[in-house]
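Notes to accompany the following structure.
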Amino acid sequence: MFRYLLPLLLTGLFGVTAPLLAQPLNQLVDVQGVRGNQLVGYSLVVGLDGTGDRNQVKFTNQSVTNMLRQFGVQMPAKIDPKVKNVAAVALSATLPPMYARGQTINVTVSSMGDAKSLRGGTLLLTQLRGADGEVYALAQGNVVVGGVKASGDSGSSITINTPTVGTVPNGATVEREIPSDFVESNEVYLNLKRPSFKTANNIAVALNQRFGNGTAQAKSATNVSVNAPKEASARVAFMSMLEEVQIDAGKQPARVVFNARTGTVVMGEGIVVRAAAVSHGSLTVTISESKNVSQPGALSGGRTAVTPESDIGVSRGEGQMVMVPAGTSLRSIVNTINSLGASPDDTIAILQALHEAGALDAELVVI
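Residue numbers (mature numbering (1 follows the signal peptide of the UniProt record, and there is no 0)): -22 to -1, 1 to 345.
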């Protein structure tokens, strides 16, 4: 009798063991119709310490003139206000789904002219519009800049990060809500963040086991339909339970992500290559410029002449054949390439060649 009760006791004490790849449903899907919307705007940043737009940027001066006119200050027609403490900026923000009037969102501020820095500036009140042209938020506030730029009288300068882009935390107030069709249908559609037939089927099976047969149906590798109550409060309660359902996610395909600008390589665990031979050589072109000065003799009546001299050379790097045995990890290959001082272009060329040769069983993504 005891041996039959023991499994039940262990189950009661420790619960049912979750699958190794089990994840909450809300980490795997997005709810169709529940999404953010992009907002844009234009304004001026004032209060800059001489780092604003210069006189070459005409639209900044026009914007200052128009703003002053709205406050009853009339400027002479042929006089442009020469201000160095003002910069014209473009604004961008994301209005999260279901945000109500009065809530605040972050605003990104980007210089449009030749301002050196937006540090210390204040964004003037402006409207943020959606793609339909309607005003959805009003933005204003102090600009927070993570970059810095310093320059000397000789023209030398140093720049850290990007001083011409900043943010106004919680700088925009929502004035108009975006309508949502979330409660208009008897069904809720779940869109998978990473398409997978296996994951879509597992979601449908898990929801049917939890809420009853016929609750969910997998439509494709990216979409699962779920029957949900239409009344607003009941639907919210249902969705709160839906989000916490544990799903055994299907195995994702191996992927290697390469950043061509920085040379960064990110890869999944356990990616190996088949047997292959790799040889890579390169051409190096060197161009050096110098100037020769021809000085005429005294009292000769000649003129000093400066003639350019160019020295162009081409060298070919010696390519070496490297044998890659089957089962070698991709991490080892990349480390070997980097230890030889290869450039990012060389690294991506070798990875692409391995992929085209069928020796790399992974998806190669270049960003």
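Where a beta carbon is used, it is the ideal one built from N, C-alpha and C, also for glycine.
Cβ-Cβ separation, residue j to residue i (assumed contact under 8 Å), whole Å
i           : j    : result
L185        : A194 : 4 Å
T140        : G25  : Actually they are not in contact, since the Cβ atoms of T140 and G25 sit about 19 Å apart, beyond 8 Å.
V243        : V234 : 7 Å
L73         : G14  : 6 Å
L6          : A71  : Contact doesn't hold; Cβ gap of about 27 Å is too wide.
residue 362 : M90  : Shown here, the chain extends from -22 to 345; a query on residue 362 therefore has no answer.
V312        : T325 : 7 Å
A232        : D339 : 6 Å
T86         : G19  : That pair is no contact at about 11 Å.
S203        : E162 : In fact, because the Cβ distance is near 15 Å, the residues do not count as touching under 8 Å.
A150        : L106 : 6 Å
Reference residue i; option with closest CA among the options
i           : options               : result
F160        : N201, A206, D31, R252 : A206
Q81         : A109, D8, T104, L116  : L116
T38         : R213, A253, S21, M219 : S21
residue 346 : F236, D27, G190       : Only positions -22 to 345 of the chain appear in this structure, which leaves residue 346 out of reach.
A254        : A232, L332, Q10, K197 : L332
V23         : D323, V7, T142, Y77   : T142
A93         : V113, T29, A150       : T29
M217        : Q230, A55, F189, N201 : F189
A109        : I156, A196, D323      : I156
residue 351 : L102, Y114, K56       : Residue 351 cannot be examined here, being either before or after the span of the chain that is shown, -22 to 345.
D31         : E153, I326, F49, K62  : K62
S158        : T325, V9, R107, V35   : V9
Y167        : A335, L3, I57         : L3
I249        : L329, M45, I57, A55   : L329
I57         : V42, G192, G336       : V42
M76         : K197, Q48, R154, E221 : R154
K197        : K208, R309, K176      : K176
A55         : Q40, E341, G192       : Q40
A327        : Q48, F236, A212       : F236
V152        : R281, P173, E112      : E112
Q187        : G50, V12, A283, L220  : L220
P173        : V51, R107, A210, N201 : N201
G246        : Q34, E341, V64        : E341
L170        : R281, R47, K60, Q230  : Q230
Unbroken alpha helix (DSSP H) run spanning residue i, endpoints
i    : result
A184 : 175 to 189
Q40  : 36 to 48
L220 : 210 to 221
Residue i, enclosing beta strand (DSSP E) - first and last residue
i    : result
R233 : 233 to 236
A227 : Careful: A227 lies outside any beta strand (DSSP E) and carries neither H nor E.
D8   : 7 to 9
P147 : 143 to 152
G19  : 15 to 24
V204 : 201 to 205
N169 : 165 to 170
P157 : Premise fails: P157 is in no beta strand (DSSP E) and is neither H nor E.
A196 : 194 to 196
E341 : 341 to 344
Closer than 7 Å to chain B by CB, residue i
i    : result
L170 : Absent from the structure is chain B; it holds one protein chain and no more.
Exercise. Report yes or no: do the segment 144 to 153 and the segment 106 to 121 share at least 3 C-beta pairs separated by less than 8 Å?
Key: yes
Quiz prompt | Contact between the segment 176 to 191 and the segment 217 to 236 (3+ Cβ pairs under 8 Å) | solution = yes
Quiz item: Whole beta strand (DSSP E) runs in the segment 46 to 120 with 3 or more residues, listed along the chain?
Solution: 65 to 73, 82 to 89, 100 to 107, 113 to 120
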